[in-house]
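Quick notes on the structure that follows.
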Amino acid sequence: MTDLVVARSEGLYCPPGQFYIDPWRAVDRAVITHAHADHARSGHAHYLATQASEQVLRTRLGQNISLQTLAYGEHIEINGVTVSLHPAGHVLGSAQVRLEYRGQIWVVSGDYKLMSNAEQDQTCASFESVPCHVFITESTFGLPVYRWKSQAAVMAEIQQWWQANARQQRTSVLYCYAFGKAQRILSALDPDTGPLLMHGAVEKLNQAYRSSGVALPATRLVSTVNDKSLFSQALVLAPPSAQGTAWMKRFGDYSDAFASGWMCLRGRRRRQALDRGFVLSDHADWPGLQQAIRASAAERIIVTHGQVQVMIRWLNEQGLNAEAFSSAEFSVQYNDHGHDEPDDTFT
50 MTDLVVARSE GLYCPPGQFY IDPWRAVDRA VITHAHADHA RSGHAHYLAT
100 QASEQVLRTR LGQNISLQTL AYGEHIEING VTVSLHPAGH VLGSAQVRLE
150 YRGQIWVVSG DYKLMSNAEQ DQTCASFESV PCHVFITEST FGLPVYRWKS
200 QAAVMAEIQQ WWQANARQQR TSVLYCYAFG KAQRILSALD PDTGPLLMHG
250 AVEKLNQAYR SSGVALPATR LVSTVNDKSL FSQALVLAPP SAQGTAWMKR
300 FGDYSDAFAS GWMCLRGRRR RQALDRGFVL SDHADWPGLQ QAIRASAAER
350 IIVTHGQVQV MIRWLNEQGL NAEAFSSAEF SVQYNDHGHD EPDDTFT
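Going by this note's numbering, the first residue of the sequence shown is number 50, and it counts up by one from there.
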């Protein structure tokens with residue numbers, strides 16, 4: 050049987066359905082897993098995504114995009130292919146795309162994260178395992194070194210760092226991804242420590258989350274603060290691109306940190322000249338990737354971006370049928386474009 054999803058220069062393509070999934074070139078019909086810029090690009094004629102992602106997508110791509118939305122688990126038929134979207138646990142509205150056609154079921158994971166049953170990211174729906182014949186998975190953190198602490202442990206570290214800085218009258222500046230990571234942090238911290246001040250790139254997404262019904266504590270734009278004494282007790286959330294810019298000078302004495310899965314690597318922390326690094330990712334770690342792949346019960350696994358060859362080799366050693374897409378053009382674009390945006394650097 051012909052593959053239900055193939056790699057083209059525009060991105061992942063479903064031939065019978067005649068639509069793309071997260072294409073990076075302008076196409077007529079695009080199914081979008083989530084609103085990060087490496088998955089949701091402007092210029093498509095028609096978009097299909099989850100209801101939960103609508104506000105963020107319109108904030109990022111424009112209010113007038115032609116967007117059709119589905120509730121999680123709702124089915125739609127596109128040229129004979131049954132399509133449904135299922136929670137990926139990555140960020141608000143993130144989805145896995147389930148495709149069913151002539152008895153074959155394929156799932157395109159998009160980006161995803163798994164959390165223990167005892168924890169939950171309050172800002173997005175939790176990952177849902179979707180049984181399938183073929184599972185197309187990411188592998189951003191597909192190395193055994195990547196193993197995440199519990200969310201509660203990391204948030205406690207951030208809270209303690211903020212409190213210690215406040216006692217010393219130092220501003221706490223936390224660099225984090227403006228969409229997803231910032232809101233996850235806000236939802237899990239105790240706001241009573243001090244003011245929560247936002248870079249404009251972060252506050253714009255905060256408003257989209259609130260419009261989507263996600264509860265976040267009260268925040269203020271840094272640019273609206275006239276009383277500079279507030280900075281000494283504040284936690285400031287800013288995209289990594291703010292580091293070293295003139296925008297930072299207003300804080301005077303400050304301590305800075307990054308929240309990212311990449312902070313697991315000490316060398317990366319040193320190169321960024323940070324006071325602290327907090328290991329917090331919205332992607333699955335090594336055990337999480339293995340868990341999701343096995344739970345899919347897929348007969349065939351296709352690995353896309355990240356540590357592709359390492360993951361394929363490990364899965365093959367476990368007796369699983371794993372491979373990468375063969376298109377050289379697709380491989381270069383999908384693996385090199387990363388997860389960065391103009392105002393963000395780390396996932």
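We put the CB at the ideal spot given by N, CA and C, even for glycine.
None of the values given here were measured: they were computed from a predicted structure.
Please say whether residue j and residue i have beta carbons closer to each other than 9 angstroms?
i           : j           : result
residue 270 : residue 243 : no
residue 190 : residue 367 : no
residue 284 : residue 310 : no
residue 156 : residue 176 : no
residue 85  : residue 228 : yes
residue 236 : residue 306 : no
residue 52  : residue 197 : no
residue 264 : residue 171 : yes
residue 304 : residue 214 : yes
residue 400 : residue 360 : The requested residue 400 is not part of the displayed model; the chain covers only 50 to 396.
residue 90  : residue 61  : no
residue 134 : residue 121 : yes
residue 118 : residue 99  : yes
residue 223 : residue 308 : yes
residue 125 : residue 67  : no
residue 76  : residue 63  : no
Could you check if residue i is buried or exposed, using at least 16 other CB atoms within 10 Å of its CB as the buried criterion?
i           : result
residue 275 : exposed
residue 162 : buried
residue 139 : buried
residue 8   : With the chain covering only 50 through 396, there is no way to say anything about residue 8.
residue 288 : buried
residue 203 : buried
residue 326 : buried
residue 56  : buried
residue 399 : With the chain covering only 50 through 396, there is no way to say anything about residue 399.
residue 392 : Reliability fails at residue 392, whose pLDDT of 43 lies under 50, so the model's placement of it is uncertain and no value is given.
residue 83  : buried
residue 129 : exposed
residue 346 : exposed
residue 273 : exposed
residue 72  : buried
residue 69  : buried
residue 93  : buried
residue 385 : A caution first: residue 385 carries a pLDDT of 38, below 50, which makes its placement in the model too unreliable to give a value.
residue 395 : Since pLDDT at residue 395 reaches only 38, below the 50 mark, its modelled position is unreliable, and no value is offered.
Could you please give the first and the last residue of the uninterrupted beta strand (DSSP E) stretch that includes residue i?
i           : result
residue 60  : 60-63
residue 207 : Here residue 207 belongs to no beta strand (DSSP E); instead the alpha helix (DSSP H) covers 200-216.
residue 116 : 116-119
residue 70  : 68-70
residue 303 : 303-308
residue 136 : 130-136
residue 123 : Neither: residue 123 is in no beta strand (DSSP E) and is coded neither H nor E.
residue 155 : 153-157
residue 97  : 95-99
residue 188 : 183-188
residue 75  : Element bounds for residue 75: n/a, residue is neither H nor E.
residue 148 : 144-150
residue 327 : 325-327
residue 299 : Careful: residue 299 lies outside any beta strand (DSSP E) and carries neither H nor E.
residue 174 : Counting along the chain, residue 174 falls outside any beta strand (DSSP E), and DSSP gives it neither H nor E.
residue 57  : 55-57
residue 348 : Here residue 348 belongs to no beta strand (DSSP E), and DSSP marks it neither H nor E.
State yes or no: is the beta carbon of residue i nearer than 9 angstroms to at least one beta carbon in chain B?
i           : result
residue 375 : Chain labels in this structure do not include chain B; a single protein chain is all it has.
If distances are taken between C-alpha atoms only, which option among the options comes closest to residue i?
i           : options            : result
residue 107 : 268, 258, 326      : 258
residue 261 : 155, 154, 173      : 173
residue 179 : 188, 359, 137, 193 : 137
residue 340 : 165, 109, 212, 326 : 165
residue 97  : 87, 115, 91, 159   : 115
residue 143 : 122, 101, 150, 300 : 101
residue 286 : 315, 313, 255      : 255
residue 231 : 241, 150, 207      : 207
residue 375 : 351, 250, 79       : 351
residue 282 : 302, 74, 127, 62   : 302
residue 226 : 291, 65, 299       : 291
residue 145 : 110, 195, 186      : 186
residue 148 : 168, 182, 297, 295 : 182
residue 373 : 353, 195, 238      : 353
residue 154 : 369, 349, 371      : 349
residue 298 : 267, 105, 277      : 277
residue 205 : 324, 294, 240      : 240
Taking the alpha helix (DSSP H) that residue i falls in, what are its first and last residues?
i           : result
residue 340 : 335-345
residue 359 : 357-366
residue 236 : 230-237
residue 109 : 103-110
With a threshold of 8 angstroms (Cβ to nearest heavy atom), would residue i be considered close to the ligand GDP?
i           : result
residue 121 : This structure simply doesn't include the ligand GDP, nor any ligand for that matter.
query = Hey, which unbroken runs of the alpha helix (DSSP H) at 4 residues or more fall wholly within the region 218-288?
reply = 230-237, 249-260
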